[in-house]
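Structure record follows, encoded as structure tokens.
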Amino acid sequence: MKKKYFFCFILFTIFAINKNFSQVLSWTPLYPTVNDTITIIYNASLGNGALTGVNDVYMHTGVLSDESVNEKDWVHKISTWGEADSMFLMENLGNNLHRKKFYIKSFYKLYSSEKTKALCFVFRNSDGTVVGRNADGSDFYIPIYSSNLFARFTLPIQFPLSPSINAQLPVQVTSKKTAMINLFHDGNLIAQAYDSVLNTTLMVTSYGKHWFWFVAQRDGQTVVDSMYYFVQYPPIVQDAPIGTKDGINYINDSTVILQLFAPNKHFCYFISDLNNWQLDSAYQMKKTTDGNRYWIKLTGLIPQKEYRFQYFVDNEIKIPDPYSDKVLDRWNDPGINPIIYPNLISYPVGKTSQLVSVFQTAQTPFNWTDQNFHKPDNRDLVIYECLVRDFHLTHNFKTVEDSLPYLKRLGINALELMPVTEYDGND
87 MKKKYFFCFI LFTIFAINKN FSQVLSWTPL YPTVNDTITI IYNASLGNGA
137 LTGVNDVYMH TGVLSDESVN EKDWVHKIST WGEADSMFLM ENLGNNLHRK
187 KFYIKSFYKL YSSEKTKALC FVFRNSDGTV VGRNADGSDF YIPIYSSNLF
237 ARFTLPIQFP LSPSINAQLP VQVTSKKTAM INLFHDGNLI AQAYDSVLNT
287 TLMVTSYGKH WFWFVAQRDG QTVVDSMYYF VQYPPIVQDA PIGTKDGINY
337 INDSTVILQL FAPNKHFCYF ISDLNNWQLD SAYQMKKTTD GNRYWIKLTG
387 LIPQKEYRFQ YFVDNEIKIP DPYSDKVLDR WNDPGINPII YPNLISYPVG
437 KTSQLVSVFQ TAQTPFNWTD QNFHKPDNRD LVIYECLVRD FHLTHNFKTV
487 EDSLPYLKRL GINALELMPV TEYDGND
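Shown next, in the form of structure tokens:
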């Protein structure tokens, strides 16, 4: 059951990635099977853009199979990192576009008995010192399909989408097989076709959130998918309460005010579990009269509950709060030992990308003890400068605490703790 759950999750994540990043990596056929010859085109100027201008781009690749335990557990990794192997050199098409064509089953040396779920990619220069990934640091995944019916939105590409009033919005649904496709907008049927592709264009006429969904049917099989777009209301211009600072302002156990310094930006939204990580007019942040800051007051919060959130700025930037003291990282958090940080709240995988902030009202204050402590005279201080990461392999404060008698025997009477910081991979 765990593997089935994982791969449902993986395919959901891949579809979410496709909605955000399909312009970085494209492929044909759109619904590949292991018995297909696939052509992929990588746009090095998009995503993290690390390989922009690099002439020789190599792909590093593997697959996710039914034996993989997570999206990082690649199998059939046939390329060696850092080697300039011509087998993995992509054809340079110019304009930062790089192409590779191969027959999937023989290229990866797949077994007939295994189930291949996705092809996995990152791209690199010849020696592997520069790596091309998605803008959020994630790898690329191309789902592998069975003979069943599949369909999805292939236009619009950008998601979440925020068109302006009177804009012409192209919509495309693409099916693996010819099927009866019905497309709905806010509950109304707006287009239908018995084909493998349905195209239509909609004029945007009203503010707020609007939904598309389609139903594709063939041979007793049904595929349903949905997506929304959001038309911005002009932001409310109003200053935050006096004393509000940039960052997280705890007002009481059920209320916070969030404020972001964002000059020259046009709008900002608070996205979180409270709105299912979707744009919502109820969570559009107010703009200060000087135009430099955006803020929102949240009420009715559950005391001591952790809330994950981001700011979504100008329909293109997702950021955590720069002043938050707890940040979630999808790619590095799994490497944190629960002994070091027990009960770490999980990253909202499949709902957003980039770093995520956390706030919590009614936090339990630290119970300070040893009120009678008197520090030694400055002339008598013997200071041990301690970077907890390097102090012991366990990398935790508990080990430092347990070592105090040992340090005292060495004649040390003061610890200078170096600032807490994040190292690569949370090492």
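Be aware that the sequence shown starts at 87, since it is given in our numbering, and climbs by one per residue. Note that the Cβ used here is the ideal one computed from N, Cα and C, for glycine as well.
- Message: Does Tyr541 pass the burial test, meaning 16 or more other C-beta atoms within 10 Å, or should it be called exposed?
- Response: Because the chain here runs from 87 to 513, residue 541 falls outside it and cannot be looked at.
- Query: Do you know whose CA, among Val342, Asn252, Met289 and Thr119, lies nearest Thr447's CA?
  - Reply: Counted from its first residue, the sequence shown places residue 447 at position 361. Cα-wise, what sits closest to Thr447 is Val342.
- Under 8 Å, do Tyr189 and Thr123 count as touching if we go by C-beta distance? Position 103 of the sequence shown, counted from the first residue, corresponds to residue 189. Position 37 of the sequence shown, counted from the first residue, corresponds to residue 123. Yes, these two residues count as a Cβ contact at 8 Å.
- Between the Cα of Ile469 and those of Ser489, Glu502 and Asn220, spot the shortest distance and give me the residue it belongs to. For the purposes of this step, residue 469 is identified with residue 383 of the sequence shown, where counting begins at 1. The option with the nearest alpha carbon to Ile469 is Glu502.
- Task: Along the beta strand (DSSP E) that carries Glu392, what are the first and last residues, could you check?
- Result: Reading the sequence shown from its first residue, position 306 is the one you call residue 392. Run containing Glu392: Glu392 to Val399, per the beta strand (DSSP E) assignment.
- For Ser522, which residues from the same chain have a beta carbon less than 7 Å from its beta carbon, with the 5 sequence-adjacent residues on both sides left out? Any answer about residue 522 is impossible in this case: the structure gives the chain only from 87 up to 513.
- Ser312 - containing beta strand (DSSP E), residue span: Along the sequence shown, one-based indexing puts residue 312 at 226. Looking at the DSSP string, the run of the beta strand (DSSP E) that includes Ser312 is Gln307 to Val317.
- Since Lys191 is in the alpha helix (DSSP H), which residue starts that stretch and which ends it? If you number the sequence shown from 1, residue 191 lands on position 105. Ile190 to Phe193 is the extent of the alpha helix (DSSP H) around Lys191.
- Item | Reduced DSSP secondary structure (H/G/I, E/B, other) of Leu467 | Numbered from 1 along the sequence shown, position 381 holds the residue referred to as residue 467. In the structure shown, the three-state DSSP call for Leu467 is coil.
- Own chain residues within Cβ distance below 7 Å of Ser108, not counting five before or after: To locate residue 108, count along the sequence shown from 1; it is residue 22. Low per-residue confidence applies at Ser108: pLDDT is 48, beneath 50, and the placement is therefore not dependable enough to give any value.
- Arg304 bridges to which residues according to DSSP? Counting from 1 along the sequence shown, the entry for residue 304 is found at position 218. Arg304 pairs with Gln307.
- Message: Does Lys358 come out as helix, strand or coil in the three-state DSSP assignment?
- Response: On the sequence shown, residue 358 is found 272 positions in, with the first residue counted as 1. Contrary to the premise, residue 358 reads as Ser rather than Lys in this sequence. It is a strand residue.
- Query: Mind pulling the beta strand (DSSP E) runs of 3 or more residues that sit fully within the region 119-145?
  - Reply: 123-129
- Would Tyr319 be called buried (16 or more neighbouring beta carbons within 10 Å of its own) or exposed? Locating residue 319 in the sequence shown gives position 233, where the first residue counts as 1. Exposed.
- Counting along the chain, where does the alpha helix (DSSP H) carrying Lys494 start and finish? As a first step, residue 494 must be located in the sequence shown, where it is residue number 408. Lys494 -> alpha helix (DSSP H) spans Leu490 to Arg495.
- Task: Can you check DSSP and say which residues form a bridge with Gln370?
- Result: Locating residue 370 in the sequence shown gives position 284, where the first residue counts as 1. Paired residues: Tyr355.
- Task: State the start and end residues of the unbroken beta strand (DSSP E) segment that holds Val342.
- Result: Working through the sequence shown from its first residue, we reach residue 342 at position 256. That run of the beta strand (DSSP E) goes Thr341 to Phe347.
- Message: Let's see if you can read the secondary structure: which residues bound the beta strand (DSSP E) around Val474?
- Response: By 1-based counting over the sequence shown, the position of residue 474 is 388. Where Val474 is concerned, there is no enclosing beta strand (DSSP E), although the alpha helix (DSSP H) it sits in stretches over Val474 to Phe477.
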